[in-house]
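J.:
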Amino acid sequence: MELSQYVESVQEQVARATALADDRAQEVAQQLGSSLDSALRLALIQALSDAAAELSTQTGDRIEVRMSGGDPEFVVSAGEATDQDPEAEEEAYDPEEPQARISLRLPQPLKKRIDELAATEGVSVNTWLTRSAMRGVRRANRPGRGPWGPGFGPGGPGGPGGPGGPGFGRGPGFGPGPGFGPGHRGRGGRGRRRGGPDGDDLR
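Counting in the numbering used here, the sequence shown runs from 340 upward without gaps.
(1) Between T357 and R478, what straight-line distance do the alpha-carbon atoms span, to the nearest angstrom?
(2) Buried or exposed, going by whether 16 or more other CB atoms sit within 10 Å of the CB of A458?
(3) Would you give the residue range spanned by the alpha helix (DSSP H) that I384 belongs to?
(4) Shortest alpha-carbon distance to I384 belongs to which of M406, I402, V367?
(5) With DSSP collapsed to three states, give me the class of E436.
(6) On a CA-only basis, which of L445, F413, Q365 is nearest A391? Give me that one, please.
(7) Taking only three categories from DSSP, how would you classify S471?
(8) If you drop the 5 nearest sequence neighbours on each side, which residues of the same chain put their C-beta closer than 7 angstroms to that of I402?
(9) Run through the DSSP bridge pairs and tell me what P411 is partnered with.
(10) Where does the unbroken alpha helix (DSSP H) through A358 begin, and where does it stop?
(11) With a 10 Å radius around its C-beta and 16 neighbouring C-beta atoms as the bar for buried, classify Q344 as buried or exposed.
(12) How far does the alpha helix (DSSP H) with L342 in it extend, from its first residue to its last?
(13) So, is G399 buried or exposed, given that buried needs 16 or more other C-beta atoms within 10 angstroms?
(14) List the endpoints of the continuous alpha helix (DSSP H) containing L449.
(15) Which residues in the same chain have their Cβ closer than 7 angstroms to the Cβ of E351, if we skip the five residues on either side of it in sequence?
(16) Please look up how many angstroms separate the CB atoms of D376 and V346, rounded, as I've assumed it's under 8 angstroms.
(17) Would you say M340 and D410 are within 7 angstroms of each other, going by their C-beta atoms?
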């Protein structure tokens, strides 16, 4: 996707806004438009990456943004049909079996996103997490497939060999902040007591 046309459009709008101003104001506007080039490109790439992640969630396919010659391009990988049938996954486990209880600590942005997805599907957070765990177990049991699928690890788009950039590749995580980056264990790390203001005790 060619980004230059979008960057130039913003620069033209800045120039038009000062077209009737004095020469000094027009000179400042021209310098400002030039300095915005890199910032605008980064913002557009981040927006495209966020859109790709949202579409991946909604469609079940894996949609990535990769850089090619300085411009982003979309790469779509078809999702697996078995991941789209949560009711069938639940049938693999007897609901009468004893239930295990765990305490799960999550980064707040991730917890918020899980809440939104669970609400969209009309299920509880516990049910949503259980279904996600079942999908992971099924993937791990398939021959020739790692427990996390092809999306993570040294060669995957979410690992060190990813497309690059702070939002979707070699950077520290899934966004501008360090929330989900390598080595991150949350504020408490391991070994803190169960529960607390920034953790969720799943029942």
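In this text, a Cβ means the ideal position worked out from N, Cα and C, and glycines have one as well. Note that this is a predicted model, so its numbers are computed, not measured.
T.: Answer, in terms of the structure:
(1) Their Cα atoms are separated by approximately 58 angstroms.
(2) With fewer than 16 neighbouring CB atoms inside 10 Å of its own CB, A458 falls in the exposed class.
(3) Counting along the chain, the alpha helix (DSSP H) containing I384 begins and ends at 362-398.
(4) Closest by alpha carbon: M406.
(5) DSSP, read as helix, strand or coil, puts E436 in coil.
(6) Looking from the CA of A391, the closest CA among L445, F413, Q365 belongs to F413.
(7) When DSSP states are grouped into helix, strand and coil, S471 belongs to the helix group.
(8) Listed in chain order, the non-local C-beta contacts of I402 below 7 angstroms within the same chain comprise A391, L394, S395, F413, V415, local neighbours out to five positions each way being set aside.
(9) DSSP output for P411 lists M406 as bridge partner(s).
(10) Element bounds for A358: n/a, residue is neither H nor E.
(11) Counting C-beta atoms within 10 angstroms of its own C-beta, Q344 has fewer than 16 neighbours from the protein chains shown and is therefore classed as exposed.
(12) DSSP places L342 outside any alpha helix (DSSP H), giving it a letter other than H or E.
(13) Around the C-beta of G399, fewer than 16 other C-beta atoms lie within 10 Å, and the residue is accordingly described as exposed.
(14) Element bounds for L449: 447-460.
(15) Nothing listed; no residue qualifies.
(16) Confirmed, about 6 angstroms.
(17) Yes, they are a contact pair.
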